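Each remark here refers to the structure printed beneath this line.
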Amino acid sequence: MPQMGESIAEGTMSRWLKQVGDEVKRDEPIFEISTDKVDAEIPSPSAGVLAEVSVTEGQTVAVGTVVARIETDKAAFAAGAAAPTPVAAAEAAAPEAAAPATAPNGAAVPAALAASGGDANTFEERVRTKSSPLVRKMAAEHGIEIRGMQGSGVAGRVTKRDLEAAIASGATPQVPAQPEVAVQAGQALVSGGAKAPAAGGGAALAGDVKAPHVESMPGDIVEPMSRIRQLTAEHMVLSRRWNAHVTSFFEVDLTRVARIRAAQRAKFEAATGEKLTFLPFIIKAVTDGLKQFPTMNAAVRGNEIVLRKQYNIGIAVALDWGLIVPVIKNADDLSLTGLTRNLNDLANRARSKQLKPQEVQGATFTITNPGVFGSLMGTPIIPVPTSGIMGVGAIEKRAKVVTGPDGEDTIAVRTCSYFSISFDHRIVDGADADRFMAFVKKALESYPDAGLF
């Protein structure tokens with residue numbers, strides 16, 4: 230298990246990209262891991278054959294733990310191929326089927342399918358819910374809940390054989406009741422099981438929160454949360470309980486930026502090799518605004534306000550498997566070209582799971598762009614421990630009333646977008662947040678022609 234950052238002590242094996250017996254090349258990705266900071270593909274340190282896998286999908290182990298063995302001598306691997314791996318040996322030693330039990334509906338159910346009431350965070354439960362894609366697909370097609378089954382594989386992992394037995398019996402195992410999780414007043418759960426103090430440096434939060442029990446309905450498909458989804462959920466709930474959220478909206482006329490971009494786009498892309506979007510213009514206006522309104526670039530620490538002098542802009546990137554926020558460090562020192570290159574590089578590596586933990590840490594302000602999916606406006610949640618996040622809605626042409634140089638009002642087609650600013654009202658007053666947004670609006674509506682490169 231590789232060291233993915235100074236603060237990373239463990240990693241969760243998300244998915245094996247290679248199977249035992251597969252040939253691998255040096256630097257070819259062989260497995261994916263999830264940490265409390267980032268998901269990443271891990272390359273092979275050498276060429277050879279994947280000879281042994283000692284950590285299963287869903288298992289969390291400490292940094293430095295041996296997770297697999299690569300045999301660089303193919304002949305040596307072929308000679309010892311008859312010896313099964315520990316996982317394969319355990320699977321082979323499992324009984325074919327246990328004595329049948331009786332389901333609530335009277336149908337016979339193999340004992341291997343008895344519902345488990347174990348903790349959903351244990352290794353055994355993670356392994357069981359991380360059954361193979363084939364098993365999960367079969368279970369979904371037949372309306373069977375894998376989490377309600379005790380399989381015959383390693384740590385109760387449900388195998389194809391177990392599922393076929395369940396289908397033949399006509400039983401539909403149910404999801405076991407989940408234990409209620411309570412967050413004590415004055416504390417909020419954060420990643421890794423740590424506790425954060427209540428908002429305001431010790432004031433009790435409003436009441437205990439207990440997770441409701443959710444019953445499965447016929448035909449439901451139950452899937453375990455991925456590591457990145459679990460962390461997102463924890464952070465969002467923490468932020469809603471920690472920050473005093475207020476959101477304001479501004480309509481920004483981006484016609485001038487659109488014209489500059491259209492006129493310079495081909496030249497810019499030819500000179501830099503980068504695609505020019507609206508976002509670098511927006512980032513530039515935001516960093517200039519943060520210098521004028523320092524509480525927008527601040528954090529709460531107990532009864533203190535930490536005014537940041539670095540301007541690190543987090544950019545929310547939507548992935549097929551979740552949301553991640555890579556950070557452009559010292560964005561105020563970068564030109565439009567530098568912002569574009571950093572933005573495109575981080576976004577591309579986020580989608581290919583090539584980010585490093587330090588590249589998703591240290592944001593002092595965040596920008597999210599749901600407008601690319603057609604959203605007109607929204608109320609984004611502030612990432613802890615910052616005090617503000619700006620949302621950019623869909624950029625589209627609208628009919629607007631404009632005043633000409635002679636004072637006469639006319640209707641014109643303008644390129645506009647709704648911007649939202651969610652801020653922590655504990656340290657940011659509404660007037661300051663609106664002044665900040667007014668600054669950003671003016672900067673974009675009067676963006677200079679010079680300085681594009």
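Numbering (my numbering), first residue to last: 230 to 682.
Idealized CB from N, CA, C, for every residue including glycine.
Predicted, not measured: the structure shown is a model, and the values here were computed from it.
Could you check the C-alpha separation between residue i and residue j for me, to the nearest Å?
i    : j    : result
A291 : F648 : 43 Å
K558 : A547 : 20 Å
V613 : T595 : 11 Å
Q248 : T388 : 17 Å
N577 : R458 : 20 Å
K513 : A641 : 27 Å
M230 : E257 : 16 Å
V296 : V284 : 5 Å
Y676 : K585 : 34 Å
P408 : R376 : With a pLDDT of only 36 at P408, under the threshold of 50, the placement of this residue in the model should not be trusted, and no figure is reported.
I271 : G380 : 30 Å
P405 : E444 : Confidence at P405 is low in this model, with a pLDDT of 41, below 50, so its placement is unreliable and the value that follows should be read with caution. If I take the Cα positions, the gap works out to 9 Å.
V554 : T524 : 21 Å
D609 : H442 : Checking the sequence, you will find Pro at residue 609 rather than Asp. Those two C-alpha atoms are separated by around 27 Å.
Q416 : E533 : No answer about Q416 holds up, because its pLDDT of 31 lies below 50 and its placement is not dependable.
G659 : G287 : 45 Å
S273 : V253 : 7 Å
Y540 : K520 : 8 Å
V630 : V601 : 26 Å
R537 : W471 : 19 Å
A238 : T569 : 33 Å
H371 : H464 : 35 Å
I684 : Q232 : Outside the displayed span of the chain (230 to 682) sits residue 684, for which this structure offers no information.
F479 : A473 : 20 Å
A628 : A592 : 37 Å
S243 : A440 : 26 Å
P599 : G551 : 14 Å
Distance cutoff 8 Å, beta carbons only. Does residue i sit that close to anything in chain C?
i    : result
S646 : Among the protein chains of the structure shown there is no chain C, as only one such chain exists.
Along the chain, where does the alpha helix (DSSP H) that runs through residue i open and close?
i    : result
R490 : T484 to T501
L568 : L565 to R580
D391 : K389 to S398
R664 : G659 to E674
M619 : Premise fails: M619 lies in the beta strand (DSSP E), G617 to V621, not in any alpha helix (DSSP H).
A462 : R456 to W471
Measure from the alpha carbon of residue i to the alpha carbon of each residue in the options, then state which is nearest.
i    : options                   : result
H654 : Q232, R469 and Q288       : R469
L246 : I262, Y676, E239 and A238 : I262
T461 : D268, M606, S273 and R537 : D268
E625 : M606, G617, G636 and I611 : M606
E452 : E637, L552, R537 and I373 : I373
A305 : G250, T501 and G287       : G250
L483 : T264, A672 and P447       : A672
D678 : S581, I396 and I489       : I489
T241 : M454, E480, S477 and F479 : M454
R530 : G551, F478 and S616       : S616
A662 : L552, V475 and A395       : V475
D449 : T566, I611, A368 and G567 : A368
A487 : G636, E588, L552 and I511 : I511
T566 : E503, S646, D549 and T597 : E503
T264 : R456, K303, P447 and D391 : R456
Using 8 Å as the threshold, is the C-beta distance between residue i and residue j below it?
i    : j    : result
A527 : I656 : yes
Q583 : V556 : no
E281 : R298 : yes
A579 : S604 : no
L575 : I618 : no
D638 : T644 : no
G277 : T294 : no
L508 : F497 : no
V621 : V515 : no
F652 : G518 : no
N573 : L563 : no
E674 : R494 : no
A397 : M378 : no
I650 : S477 : yes
V481 : S646 : yes
Would you kindly report the start and end of the unbroken beta strand (DSSP E) that includes residue i?
i    : result
K247 : Taken as a continuous stretch (DSSP letters only), K247 belongs to no beta strand (DSSP E), as it is neither H nor E.
R643 : D638 to D653
T595 : F594 to T597
K626 : E625 to T632
I512 : First-last for I512: L508 to Q521, but that is the alpha helix (DSSP H), not the beta strand (DSSP E).
I542 : I542 to I544
V535 : E533 to L536
G551 : G551 to I553
A527 : A527 to R530
Does the ligand NAP have even one heavy atom less than 7 Å from the beta-carbon of residue i?
i    : result
W245 : Of ligands this structure carries none, so the ligand NAP is not represented either.
Problem set entry | Runs of beta strand (DSSP E) lying entirely within the segment 254-307, each at least 3 residues, in chain order | 258-263, 268-272, 277-282, 289-291 and 297-300
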